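Last residue of the sequence shown? That's 1031 in this note's numbering, and every number before it is there in order. C-beta atoms are modelled at their ideal positions from N, C-alpha and C, and glycine is treated no differently. Values in this document were obtained by computation on a predicted structure and should not be read as measured data. Taking it in order: structure first as structure tokens, then the write-up.
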Amino acid sequence: MKYSKVNETQDGFIMISSEEVDGLIEVKITDNGNGFDTSQIKDGTHGINNSKERLRLLFDTEPAITSVVGKGTQVTLRLKKTKGGKTD
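Given below as structure tokens:
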């Protein structure tokens, strides 16, 4: 996959963090991979847009995606808090 390869010239990392912000759970996924030009995300294409649609349907949120070519990408999700309950 074109964008899944961590930049080979440095130590690669993926960091996942979460915190409560303004009553929501904010989850950030950050890497130092190849990055990409976010203006290339077009309506009607697959991949990122399919993921965005699933997040919208399941969690009523849309990710904020920032990326710099050659530096990496950060995806931020802001999720509503829910009370725990029974699971099947």
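Residue burial classification, residue i (beta-carbon count within 10 angstroms, cutoff 16)
i, result
"Gly990", "exposed"
"Tyr946", "Only weak support exists for where Tyr946 lies, its pLDDT of 49 falling under 50; the value from the coordinates is given anyway. The residue in question, Tyr946, is exposed, as its Cβ has fewer than 16 Cβ neighbours within 10 Å."
"Met944", "Caution is warranted here: a pLDDT of 41 is assigned to Met944, below 50, making its placement in the model unreliable, and the coordinate value is therefore given only provisionally. With fewer than 16 Cβ atoms within 10 Å of its Cβ, Met944 is classed as exposed."
"Asp954", "exposed"
Whether residue i touches residue j by CB criterion (9 Å)
i, j, result
"Thr1019", "Lys971", "yes"
"Thr1004", "Lys985", "no"
"Asp965", "Gln1017", "no"
When the options are compared against residue i, the one with the closest alpha-carbon
i, options, result
"Asp980", "Gly955, Arg999, Thr1009, Asn993", "Thr1009"
"Ile957", "Asn977, Arg1021, Leu967, Leu1001", "Asn977"
Residue span of the beta strand (DSSP E) that contains residue i, given as start and end
i, result
"Ser961", "957-964"
"Ser1010", "1007-1011"
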